[in-house]
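Everything on this sheet refers to the single structure shown next.
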Amino acid sequence: MRSEREASGGRGRSRGRPPRARAPPPRAGRWRGMAPAAGGGCEPVALHGSLGRARAAARMAGLGALLCAVGALQWDARRQWHGVLPKDLSTVVPNTAHLFGTRNPAYRLSVPGQASPPSDVLAPFGEAILTEALRVSQQEGGTVQDALGRIWANFCHGDADGDGATNGEELGDPCCTWVPGVVPPYRVWNITNPGSRKSMLTREQVDELSPSSCEAPGGREREEQFAAQYYMRHESDHLSGDGLRWMKYPCFAAVAALLAEWARTGGLLHDLLGVGPRARGAARPEEDLGRLERAVICAAAYVWTDGVAGLTHLSFDFAPRWYPIVGTVATGFQFHHVHPTAWVVVPLPVMLSHSLPLLGLLASACTVVPQRRRFRAFWSLTMVLCLVTVLTHRWVHTPPDQQYAWFRLLQNMGLLMSHEHHMLHHDSLVTQFSNLSGVTDCILDYIATRWLPPTHYQQWLTITLLYFAVPITLGSDAFAEAVRRRSGRVSVAGGWLLSEDHSAKVV
1 MRSEREASGG
11 RGRSRGRPPR
21 ARAPPPRAGR
31 WRGMAPAAGG
41 GCEPVALHGS
51 LGRARAAARM
61 AGLGALLCAV
71 GALQWDARRQ
81 WHGVLPKDLS
91 TVVPNTAHLF
101 GTRNPAYRLS
111 VPGQASPPSD
121 VLAPFGEAIL
131 TEALRVSQQE
141 GGTVQDALGR
151 IWANFCHGDA
161 DGDGATNGEE
171 LGDPCCTWVP
181 GVVPPYRVWN
191 ITNPGSRKSM
201 LTREQVDELS
211 PSSCEAPGGR
221 EREEQFAAQY
231 YMRHESDHLS
241 GDGLRWMKYP
251 CFAAVAALLA
261 EWARTGGLLH
271 DLLGVGPRAR
281 GAARPEEDLG
291 RLERAVICAA
301 AYVWTDGVAG
311 LTHLSFDFAP
321 RWYPIVGTVA
331 TGFQFHHVHP
341 TAWVVVPLPV
351 MLSHSLPLLG
361 LLASACTVVP
371 QRRRFRAFWS
381 LTMVLCLVTV
391 LTHRWVHTPP
401 DQQYAWFRLL
411 QNMGLLMSHE
421 HHMLHHDSLV
431 TQFSNLSGVT
441 DCILDYIATR
451 WLPPTHYQQW
461 LTITLLYFAV
471 PITLGSDAFA
481 EAVRRRSGRV
491 SVAGGWLLSE
501 DHSAKVV
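Numbering (UniProt numbering), first residue to last: 1 to 507.
As C-alpha cells, this is what we get:
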C-alpha cells in the first residue's frame with residue numbers, strides 16, 4: 001500500500017488539506033525586483049517608498065515649471081504695447097538692441113513717485129524722435145508712424161541729450177549712412193545711450209571710434225578700431241561681481257553627485273574610457289559599448305553642445321535684465337559686448353564657474369528623470385564640452401601670438417572656434433553665436449536672418465528650453481518603457497525578456 005506522500009504525487013500533501021496556492025504574478029508597476037534598463041545597467045522596474053514618490057513629485061514640478069516658463073515667455077511676447085512709439089526701434093534708429101542696460105531708450109525706466117512708469121512716458125530721446133517724426137510727416141505727408149522710418153538722415157545729426165556727441169556718433173553711425181536692412185551702421189561696439197548724459201562719449205573717444213573721413217568709411221582704419229576694442233583690457237573687470245554665486249554651490253554639488261553615481265553604478269568610466277566597473281547588467285565584455293557607438297555618442301555630444309552654446313548666446317544677448325535669474329545671466333552676456341576681454345582678466349576658476357548654473361539644472365533634470373546608459377555617456381560628455389566651450393571663448397579673446405600652440409592646432413583643424421569666427425560675431429552681434437566650433441552656426445544664422453530675428457528673445461528662450469527638454473525625455477528609462485508598452489512588442493534588454501504581462505524571464 002502506497003503511503004500518503006506517494007499517493008499525493010510525492011509532494012507531501014495531506015488528503016484533507018487543499019494544495020497551497022501559488023503566488024500570482026506581480027501586477028504592472030508593482031514588481032519589486034530589479035531588471036536591466038533598456039540601455040544597459042540595472043534599474044528597478046518600479047520605484048517604491050519615499051524615493052519613488054519624491055522623484056514623481058519632482059518630475060511633475062519640473063514639468064509644471066517648464067510649462068509655466070514657456071507660457072510666461074509667450075505671454076510676454078504677445079502682450080499688447082500701448083506706447084506712442086513702437087516697442088522695437090530697429091527700423092527707426094540703429095543699434096538700440098545693443099544698448100547695455102537699456103531696454104528702450106525712448107521711454108523712461110523710472111518716474112519719481114511711481115514704482116513702474118506707464119509705457120507712454122517718453123524719455124527726452126523718445127520726445128526728440130516723436131518731434132522729428134511729426135515734422136517729417138507734416139512736410140512730406142503721411143502718418144507719424146510712416147514717417148518714423150524716414151527720420152534718421154536728419155535726426156542722426158542731432159544731440160538729444162545735449163552731451164556734445166551726436167545721436168549718430170553715440171549709436172555707431174557717425175557718418176549717418178545707415179539704412180534699415182540695406183546699409184549697416186559703421187560699428188556695433190562702444191554704443192552709448194543718446195538719451196542719457198550718464199552714458200556718453202568724450203570728444204576724444206568719438207574721434208577714436210569714427211572714420212577720419214566719411215567719404216570712404218571702413219577699410220583698414222575700421223579693422224584697427226575694431227581689433228583695439230576686441231582685445232582691450234579693462235582693469236575694472238578685476239572687481240566685477242558674481243550675482244549667481246549663491247546658486248553655484250548647490251549646482252556644483254548636483255553635478256558632482258550625479259557623475260559619481262553614474263561612475264559607481266552606471267559604468268560611466270568603463271563606457272567612456274574602458275576603465276572602472278561595468279554597468280550593472282553588462283558584466284560581460286561583449287556587452288560593452290562598441291567603438292562605433294562611442295564615436296556616435298561623442299559626435300552627437302559635440303554637435304549638440306555647439307548648438308547649446310549658440311542658443312544660449314543668442315537668447316541671453318537680447319533677453320531683458322529684469323527676468324528672474326535669466327536676467328542676471330543676460331547681464332553678463334551683454335556686458336561682454338561692452339568689455340569683451342572681461343573673460344580673460346577674471347580668474348580661471350571663476351570663469352569656469354559661470355557654466356555651473358546651466359550644468360546644475362541639467363544634472364538635476366537627469367537625477368529626477370533617470371537616463372539610459374548611452375544617454376548617460378552623452379550627457380557626461382556634454383558637461384565636459386560645456387567647460388571646453390567656456391575655455392575656448394576665453395582664449396579667442398587673447399591675441400593669437402600669445403596663444404597655446406595646441407589650441408591653435410585645434411583651431412586650424414576646425415575642432416575649436418577660431419579668432420576670426422568669433423570676431424565676426426562681435427562685428428555684427430546678430431550672427432555667429434556658437435562658442436565651441438561654430439558647426440551649427442549655419443543653421444542658427446539661417447533662422448535668425450530669415451525667419452526669427454534675434455530680438456525675439458522670448459521665442460529663442462522657448463526654443464532653448466525645448467532643446468534641453470526633448471533629449472532628456474527621449475533618453476529617460478520611463479520613455480523607453482512607455483514605448484515598449486505602447487508598441488506591444490516583446491523587448492530583450494541585457495539578457496532579460498520583459499513580456500507584455502510584465503513578468504520577467506531569463507533568456
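Beta carbons are placed, not taken as given, at the ideal position from N, Cα and C, and that holds for glycine.
These numbers come from a predicted model, not from an experiment.
Decide if the region 171-179 is in contact with the region 188-195; the criterion is three or more beta carbon pairs, one per stretch, under 8 angstroms apart.
Segments in contact, yes.
Could you tell me the distance, in whole angstroms, from the CA atom of Glu-140 to the CA atom of Ala-448?
Their backbone Cα atoms lie some 34 angstroms apart in a straight line.
Taking the alpha carbon of Val-121 as the point to measure from, which residue in Ala-106, Ser-315, Glu-132 has its own alpha carbon closest?
It is Ala-106 whose Cα lies nearest to the Cα of Val-121.
Where Thr-312 and Val-396 are concerned, what is the direct C-alpha to C-alpha distance, given to the nearest angstrom?
If you take the alpha carbons of Thr-312 and Val-396, they lie about 18 angstroms apart.
Arg-278 and His-270 - do their beta-carbons sit closer together than 8 angstroms?
Yes, the pair counts as a contact, with Cβ atoms nearer than the cut-off.
So, is Trp-75 buried or exposed, given that buried needs 16 or more other C-beta atoms within 10 angstroms?
Counting Cβ neighbours within 10 Å, Trp-75 comes out exposed, since fewer than 16 surround it.
Taking the alpha carbon of His-339 as the point to measure from, which residue in Phe-100, Lys-87, Arg-59, Ser-90 has its own alpha carbon closest?
Residue Phe-100 is the option with its Cα nearest to His-339.
Taking C-beta to C-beta, are residue 563 and Gly-438 nearer than 8 angstroms?
No answer is possible for residue 563: the residues shown for the chain start at 1 and end at 507.
Does Asp-445 pass the burial test, meaning 16 or more other C-beta atoms within 10 Å, or should it be called exposed?
So Asp-445 ends up on the buried side.
Could you name the residues that DSSP lists as bridge partners for Val-344?
Answer by DSSP bridge pairing: none, since Val-344 is not bridged.
Kindly identify the DSSP beta-bridge partner or partners of Ser-199.
Answer is none; Ser-199 lacks a bridge partner.
Taking the C-alpha atoms as reference points, what is the distance between Leu-258 and Val-308?
So the alpha carbons of these two residues sit roughly 20 angstroms apart.
Can the beta-carbon of Tyr-66 be found less than 8 angstroms from the beta-carbon of Leu-465?
The sequence as given places Leu at residue 66; Tyr does not occur at that position. Contact: yes.
Hey, Trp-152 and Val-206: beta-carbon distance below 8 angstroms or not?
Going by C-beta atoms, Trp-152 is not nearer than 8 angstroms to Val-206.
Which value, in whole angstroms, describes the spacing of the CA atoms of Gly-126 and Leu-85?
So the alpha carbons of these two residues sit roughly 8 angstroms apart.
Compute the beta-carbon to beta-carbon distance between Ser-90 and Thr-455, rounded to the nearest angstrom, for a pair I have assumed lies under 8 angstroms.
Their Cβ separation, rounded to whole angstroms, is 7 angstroms, which keeps Ser-90 and Thr-455 in contact under 8 angstroms.
Under three-state DSSP, which class holds Ser-210?
Coil, per DSSP.
Exposed or buried, Ser-487, counting other C-beta atoms within 10 Å across all chains shown (16 or more means buried)?
Burial call: exposed.
Would you give the residue range spanned by the alpha helix (DSSP H) that Gly-327 belongs to?
From DSSP, the alpha helix (DSSP H) with Gly-327 extends over 326-338.
Does DSSP classify Gly-29 as helix, strand or coil?
Unreliable placement is indicated for Gly-29, whose pLDDT of 39 sits below 50; the coordinate value is still reported in the next sentence. Coil at Gly-29, not helix or strand.
Can you tell me which residues form a DSSP beta bridge with Ser-476?
Looking at the DSSP assignment, Ser-476 forms a beta bridge with Gln-371.
Rounded C-beta distance between Gly-475 and Arg-372? I'm assuming under 8 angstroms.
Right, their Cβ atoms sit about 6 angstroms apart.
Using the rule of at least 16 other Cβ atoms within 10 Å of the residue's Cβ for burial, across every protein chain shown, is Ala-160 buried or exposed?
Buried, by the Cβ-count rule.
Are the CB atoms of Ala-365 and Gly-62 within a distance shorter than 8 angstroms?
Contact flag set, yes.
In terms of residues, what are the limits of the alpha helix (DSSP H) holding Ile-191?
It is not in any alpha helix (DSSP H) - Ile-191 carries neither H nor E in the DSSP assignment.
On the CB-based measure, 16 or more other CB atoms within 10 Å of its CB, does Val-350 come out buried or exposed?
Result: exposed.
Compute the Euclidean distance between the alpha carbons of Arg-291 and Tyr-230, then round it to the nearest angstrom.
Approximately 42 angstroms, taken between the alpha carbons.
May I ask whether a heavy atom of the ligand NAD can be found less than 7 angstroms away from the beta carbon of Ala-72?
Of ligands this structure carries none, so the ligand NAD is not represented either.
Residue range of the alpha helix (DSSP H) that Val-296 falls in?
Unbroken alpha helix (DSSP H) run through Val-296: 291-316.
Applying the criterion that 16 or more other CB atoms from any shown protein chain within 10 Å of the CB defines a buried residue, is Gln-458 buried or exposed?
With 16 or more Cβ atoms within 10 Å of its Cβ, Gln-458 is classed as buried.
Looking only at C-alpha atoms, which of Thr-331, Leu-244, Arg-59, Glu-287 sits nearest to Leu-356?
Of Thr-331, Leu-244, Arg-59, Glu-287, the residue nearest in Cα terms is Leu-244.
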